[in-house]
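Line order of the protein sequences matches chains A and B.
Mapping the first sequence onto my numbering, position 81 (from 1) lands on 121, and the numbers just tick up by one.
Mapping the second sequence onto my numbering, position 52 (from 1) lands on 574, and the numbers just tick up by one.
Contents: one structure, followed by commentary.
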Amino acid sequence: MKKNWKYSLCWLVLLIAGFYLINTLIMFGVIDDFIENMLVTIGINIILATGLNLIIGFSGQFSLGHAGFMAIGAYTTAVITQHITSELGFILSVLVGMVLASVIAAVIGTATFTRLKGDYLAIATLGAAEIIRNVINNLKITGGSAGMFNIPQLCSWPTVYLLVCLTTIVLTNFIRSLDGRAIKAVREDELAAEAMGINTTKWKLAAFVIGGATAAIAGSLSASYVQTISPSNFGIMESISILVIVVLGGVGSMTGTILAAIVLGVLDTILQNFGALRMVIYAIVLIVMMIFKPSGLLGNWEFSLKNIGHFGRQERG
Amino acid sequence: MQTILQQIINALSLGSIYALLALGYSMVYGIIKLINFAHGDIYMLGAFFAYFAINAWHFNFLLALLSAMVISAISGVVIEYLAYRPLRKSPRIAVLITAIGVSFLLENGMSYFVGSNARSFPQVIEQVNYEFAGVQISNIQLLILATALTLMVLLQMIIKKTKMGRAMRAVSVDPEAAELVGVNVNHTISFTFALGSALAGAAGVLIGMYYNQIDPLMGMTPGIKAFVAAVLGGIGSVPGAALGGFLIGTLETFFQSIGLSAYKDAVVYLTLIVILLFLPAGIFGKNTKEKV
Chain A
41 MKKNWKYSLC WLVLLIAGFY LINTLIMFGV IDDFIENMLV TIGINIILAT GLNLIIGFSG
101 QFSLGHAGFM AIGAYTTAVI TQHITSELGF ILSVLVGMVL ASVIAAVIGT ATFTRLKGDY
161 LAIATLGAAE IIRNVINNLK ITGGSAGMFN IPQLCSWPTV YLLVCLTTIV LTNFIRSLDG
221 RAIKAVREDE LAAEAMGINT TKWKLAAFVI GGATAAIAGS LSASYVQTIS PSNFGIMESI
281 SILVIVVLGG VGSMTGTILA AIVLGVLDTI LQNFGALRMV IYAIVLIVMM IFKPSGLLGN
341 WEFSLKNIGH FGRQERG
Chain B
523 MQTILQQIIN ALSLGSIYAL LALGYSMVYG IIKLINFAHG DIYMLGAFFA YFAINAWHFN
583 FLLALLSAMV ISAISGVVIE YLAYRPLRKS PRIAVLITAI GVSFLLENGM SYFVGSNARS
643 FPQVIEQVNY EFAGVQISNI QLLILATALT LMVLLQMIIK KTKMGRAMRA VSVDPEAAEL
703 VGVNVNHTIS FTFALGSALA GAAGVLIGMY YNQIDPLMGM TPGIKAFVAA VLGGIGSVPG
763 AALGGFLIGT LETFFQSIGL SAYKDAVVYL TLIVILLFLP AGIFGKNTKE KV
């Protein structure tokens, strides 16, 4: 415990340094609105993808419905902040969104996780997300298929930065905790884990609910920052693009997920100049990457300050 | 009564198109356990090839259908060879991401070359409406049904009666054991892709005639729904995929006709989840027990 305290302090210093670095660069005009927008998008993608990686990479459950939970967060924020236009309203809306997403994730999870696995689970979660989207598409309060406009912008890049740090810290610590080990045990071998007395359904569900709640945070941030949302933003393609980040970074590596979110975010910004060819190039990069390095950028390697301290020694767990 | 009959006819023609698509998904999943996300885009390719063939070379319906099936089959085999074969030994999620990449590539490549606007499909056959006891059937609906049923029967014959069909069934049960008894697994997988893609191409031409409209992104939603149909029917089973396709077509038409068309997608997915919860392997699927 005492040893970890030193590393936690190091991380805190690094995170604060990162904040001031971005702040200074913005002050000197190195980061303009365009790049700031890119950074915020990357941040939101990091929250989404680390949450999905907890479900896919660590509990081994294949979910294709992440965009559904993002939609819940986004719409909760949009509806609440239109009535309470203040920072407090935004914080409230994030919390309500998380609770809503958790409840819905728990309902979907209880129904599907007990009976389905693998591709069947993927297609069921995809279906569940499409049902959420279809319902949003037909409600009055959400503005139907036209979506919602003029959502008050109550979050800026520091909010996103803070929440990226918070969710990453919570998720990585969760994975390394005793509970996290239970989740990894379920991934490695469900039957063996069950034989060891682990309630597999409970932990699969826990990962799914936590993942859903983080997706809701990302949705809230994106709705408040971009200020317009519509149901078509949260379709299958959105779920898939989050999945792509996770797989490209390496299923089972949070560091890889963060790296992939940054690489894809930058690639996307550079490719903006190519117009219609953009998605073609993106697709080719994706296919070539998977053929030559199917385990993703980092496999299941994790960056940790501790490993730099004792170079070469493998961290357990 | 008349409206019900009318809706049944509409449901059958839409359902048969879903069924054709679902068959390809089902076969490919049965043999290499891959949700081939690019399957819906092969259906788009088939529709676009027929569009150009009819407009530029004045092909008739049969020629357009057959040539679109051949082109789709070739593209399916090429995609399998270039993108999926190098990943035979990789984790399944990597293959899935590759399939998504291929799907992006086909959609956006097509948008890049022909533009992303919707085009109207040439009317290769003059539409004639027949009326039986107040129920309208167009010759196009009859043609769609007849084509789909013929192709399904042909497929069933290929799978059950030919040597290649037997090889397909063998590989889907156990690829390694099949290889041991002299089945060329790679050829069999290529053949499966060719068959599935040809059916998708045919479905593309038929949907072009049914809705009179095609665009580069047309494969995405029907693609997912066709996979849902395949899962519903029990993946790997030909009658199952056909039944699943008809079921989805019926559900959609029914909810459209009672004025709930806004919720038709939700109903399709809800049915899927409910059926999976009670029959995790689909309606005609075999339940496999996990080995300890």
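Glycine included, every Cβ here is placed at the ideal spot set by N, Cα and C.
Computed from a prediction, not measured in an experiment: that's the story for all the values here.
Contact residues within the stretch 626-658 of chain B, judged by C-beta distance below 7 Å to chain A: Phe626, Leu627, Asn630, Gly631, Ser633 and Tyr634
Any residues in the stretch 565-589 of chain B with a beta carbon nearer than 9 Å to a beta carbon of chain A? Which ones, in chain order? none
At a Cβ threshold of 8 Å, is Asp737/B touching chain A? no
State the Cα-Cα distance for the pair Leu588/B and Ala724/B, rounded to the nearest angstrom. 8 Å
Would DSSP call Arg356/A helix, strand or coil? Low confidence applies to Arg356/A: its pLDDT is 47, below 50, so where it sits in the model is not reliable, and the reading given next is rough at best. Coil, per DSSP.
Short-range partners of chain A found in the stretch 704-726 of chain B, where Cβ spacing is below 7 Å: none
Chain A beta carbons: is any one of them nearer than 8 Å to that of Val599/B? no
Got a sec, what are the start and stop residues for the alpha helix (DSSP H) Asn313/A sits in? It is not in any alpha helix (DSSP H) - Asn313/A carries neither H nor E in the DSSP assignment.
What residues from chain B crowd round Glu170/A, counting only those whose CB sits closer than 9 Å? Ile746, Asp787, Ala788, Val790 and Tyr791
Chain A within 8 Å of Ile662/B, Cβ atoms only: no
If I measure Cβ to Cβ from Thr710/B and keep anything under 6 Å in the same chain, skipping five residues before and after, which residues do I get? Ala689, Met690 and Val693
Enumerate in chain order the residues of its own chain whose CB-to-CB distance from Gly755/B is below 6 Å, with the five nearest sequence positions on each side excluded. Gly762, Ala763, Leu765, Gly766, Gly804, Ile805 and Phe806
Determine the direct distance from the alpha carbon of Leu307/A to that of Cys205/A, and round the result to whole angstroms. 23 Å
Which residue from Pro334/A, Phe343/A and Met236/A puts its Cα closest to that of Met294/A? Phe343/A
Determine which residues share a DSSP beta bridge with Ile736/B and list them. Arg641/B
Span of the beta strand (DSSP E), counted from its first residue to its last, around Asn651/B: Asn651 to Phe654
In whole angstroms, what is the alpha-carbon distance linking Val599/B and Gly158/A? 26 Å
Compile a chain-ordered list of the residues in the stretch 147-168 of chain A whose CB is closer than 8 Å to at least one CB of chain B. Ala151, Thr152, Arg155, Leu156, Asp159, Tyr160, Ala162, Ile163, Ala164, Leu166, Gly167 and Ala168
With DSSP as the reference, identify every bridge partner of Met188/A, one or two as the case may be. Ile269/A
Give the DSSP bridge partners of Val599/B, in chain order. None, per the DSSP bridge assignment.
Look at the Cβ atom of Met591/B, then the Cβ atom of Ala720/B, and state whether they are nearer than 8 Å. yes
Contacts around Ser779/B, its chain only, beta-carbon distance under 6 Å, and the 5 residues preceding and following it disregarded: Gln529
Taking C-alpha atoms, which residue in Asp737/B, Thr793/B and Gly718/B lies nearest to Gly818/B? Residue 818/B lies beyond the stretch modelled for chain B, which goes from 523 to 814, so this question has no answer here.
Can you grab the Cα-Cα spacing for the pair Ser535/B / Val750/B, in whole Å? 18 Å
Where do the ends of the beta strand (DSSP E) carrying Ser783/B lie? That residue, Ser783/B, is in no beta strand (DSSP E); it is neither H nor E in DSSP.
Per-residue DSSP class, three states only, for Gln658/B: strand
If we ignore side chains and look at the alpha-carbon of each, how far apart do Ala572/B and Ile619/B end up? 29 Å
Counting only beta-carbon atoms, is Asn85/A nearer than 8 Å to chain B? no
Going by other Cβ atoms of all chains shown within 10 Å of its Cβ, with 16 needed for buried, is Gly352/A buried or exposed? Residue confidence for Gly352/A is low, a pLDDT of 47 falling below 50, so the modelled location carries little weight; the figure read from the coordinates is stated next. Per the 10 Å Cβ criterion, exposed.
Using a C-beta cutoff of 8 Å, does Pro271/A count as contacting chain B? no
Bounding residues of the alpha helix (DSSP H) (the contiguous stretch that carries Lys685/B): Lys685 to Val695
Chain A contact for Pro697/B (CB, 8 Å cutoff): no
Backbone CA spacing between Ile601/B and Ala578/B [nearest angstrom]: 26 Å
Residues of its chain near Leu345/A, where Cβ-Cβ distance is below 8 Å and the 5 sequence neighbours each way are ignored: Tyr47, Cys50 and Trp51
Tell me the rounded alpha-carbon separation between Ile596/B and Thr714/B. 12 Å
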